[in-house]
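Per this note's numbering, residue 1 is the first one in the sequence shown, and the count goes up by one each step. Cβ coordinates follow ideal geometry from the N, Cα and C atoms, glycine included. See below for the structure under consideration.
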Amino acid sequence: MSESVPTYAQEAYAVLRSRFGGDSFPADYMSWFVSKSMVKKTLHTLEHAGWIRRVERGSYVCKNADEIFRSMVEFRVPTLLSEAGMRYAYTEASAVEVWTDYSYIQRSWEHSPYFVRVLRSDLGRWIGYFRAHKVKVFTSKPELAMGEFVILKPERGFANATHNGLPVDPLESTVSYSEKHIHTFEYPLAYMKAKFKIKPRVEIDRRVLSEAAKAVV
1 MSESVPTYAQ EAYAVLRSRF GGDSFPADYM SWFVSKSMVK KTLHTLEHAG
51 WIRRVERGSY VCKNADEIFR SMVEFRVPTL LSEAGMRYAY TEASAVEVWT
101 DYSYIQRSWE HSPYFVRVLR SDLGRWIGYF RAHKVKVFTS KPELAMGEFV
151 ILKPERGFAN ATHNGLPVDP LESTVSYSEK HIHTFEYPLA YMKAKFKIKP
201 RVEIDRRVLS EAAKAVV
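Set out below in structure tokens:
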């Protein structure tokens with residue numbers, strides 16, 4: 001997994017990649033241009049962020065730029081959630097994704113929100129956890145953001161179910177959420193109707209019902 005780096009490190013990477021390509025370079029190469037302390041800081045930043053790797057003592061190689069930028073937009077949040085050691089449940093649009101077996105997907109690599117219910121007592125730890133992993137995190141209301149980000153919904157306590165091994169809001173509340181936002185979630189609601197034999201309280205277009213039924217396995 002690669003991370004973004006400051007401008008000075010980007011410039012150093014550009015020089016090193018242009019000069020050495022995929023070949024190794026000595027750690028002191030940049031001492032021609034910047035101070036020894038800045039060389040150490042720059043190499044540490046680039047290595048920690050996954051832009052270069054150490055091949056032996058005092059020698060590094062630049063990673064391919066395509067690999068770096070592809071890695072920067074990989075989805076990491078589901079794994080981070082599962083490894084956090086704190087209670088959580090997917091909620092709202094993220095719960096719809098889970099209950100529809102991801103036949104409905106709200107995300108892309110450019111914009112990938114996760115709505116997550118957490119215990120209010122754990123809120124500070126969650127915020128610190130995601131910030132430590134350089135994932136943008138908001139509470140209650142999302143702000144404009146690119147890439148992956150998490151919207152935490154703190155509660156004193158909450159009920160959850162498990163679907164496909166994932167903690168998620170109960171089916172009933174996810175159905176209610178979809179009904180409330182039927183213009184966005186008509187297809188997911190049709191999918192849940194076909195799979196779980198629920199009886200929605202809102203009307204669903206028959207064509208949508210037919211398409212959703214084909215996706216149910």
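Rounded Cβ spacing between residue i and residue j (contact assumed at less than 8 Å)
i: lysine 153; j: serine 140; result: 7 Å
i: alanine 84; j: aspartate 169; result: With 8 Å as the limit, alanine 84 and aspartate 169 do not qualify as a contact, their Cβ atoms being about 18 Å apart.
i: tyrosine 187; j: isoleucine 151; result: Tyrosine 187 to isoleucine 151, Cβ: 22 Å. No contact.
Cα-Cα separation between residue i and residue j, rounded to whole angstroms
i: serine 82; j: arginine 76; result: 10 Å
i: threonine 79; j: tryptophan 32; result: 42 Å
i: threonine 45; j: alanine 9; result: 7 Å
i: valine 39; j: isoleucine 52; result: 14 Å
i: serine 37; j: glutamate 47; result: 16 Å
i: glutamate 211; j: alanine 145; result: 32 Å
i: arginine 17; j: histidine 133; result: 26 Å
i: aspartate 205; j: glutamine 106; result: 21 Å
i: proline 6; j: tyrosine 129; result: 22 Å
i: serine 24; j: aspartate 66; result: 18 Å
i: alanine 14; j: asparagine 160; result: 48 Å
i: glutamate 92; j: aspartate 101; result: 15 Å
Residue j beta carbon less than 8 Å from that of residue i
i: arginine 117; j: arginine 156; result: no
i: tryptophan 99; j: histidine 181; result: no
i: methionine 86; j: arginine 125; result: yes
i: serine 103; j: alanine 215; result: yes
i: valine 175; j: isoleucine 198; result: yes
i: valine 137; j: glutamate 148; result: no
Cutoff 7 Å; reference residue i; Cβ partners in own chain excluding five residues on either side
i: phenylalanine 196; result: Leu171
i: tyrosine 88; result: Leu81, Val116, Arg117, Val118 and Pro167
i: glutamate 179; result: Leu189, Pro200, Arg201 and Val202
i: phenylalanine 158; result: Ala89 and Arg117
i: alanine 213; result: Ala194
i: phenylalanine 20; result: Cys62
i: histidine 291; result: There is no way to answer for residue 291, as the model of the chain reaches only from 1 to 217.
Residue of the options minimising C-alpha distance to residue i
i: phenylalanine 185; options: Lys199, Val208 and Phe25; result: Val208
i: serine 218; options: Ser210, Ser176, Ala14 and Glu143; result: Any answer about residue 218 is impossible in this case: the structure gives the chain only from 1 up to 217.
i: proline 26; options: Val150, Val61, Ala9 and Ala89; result: Val61
i: arginine 201; options: Val96, Thr91, Gln106 and Tyr177; result: Tyr177
i: glutamate 97; options: Ile204, Arg206, Met192 and Ala213; result: Met192
i: leucine 166; options: His133, Thr42, Tyr90 and Phe20; result: Tyr90
i: valine 55; options: Met30, Ala65 and Gly22; result: Gly22
i: glutamate 11; options: Thr42, Ser24 and Phe158; result: Thr42
i: tyrosine 29; options: Gly58, His183 and Thr7; result: Gly58
Proximity test, residue i beta-carbon vs the ligand FMN heavy atom, cut-off 7 Å
i: tyrosine 60; result: Inclusion of the ligand FMN in the displayed structure is not the case, the ligand content being empty and no account of it being possible.
Close Cβ partners of residue i (< 6 Å) along its chain, the five nearest in sequence each way excluded
i: leucine 123; result: Pro154
Sequence-distant residues of the same chain with beta carbon closer than 8 Å to residue i, five excluded per side
i: isoleucine 127; result: Val137, Thr139 and Leu152
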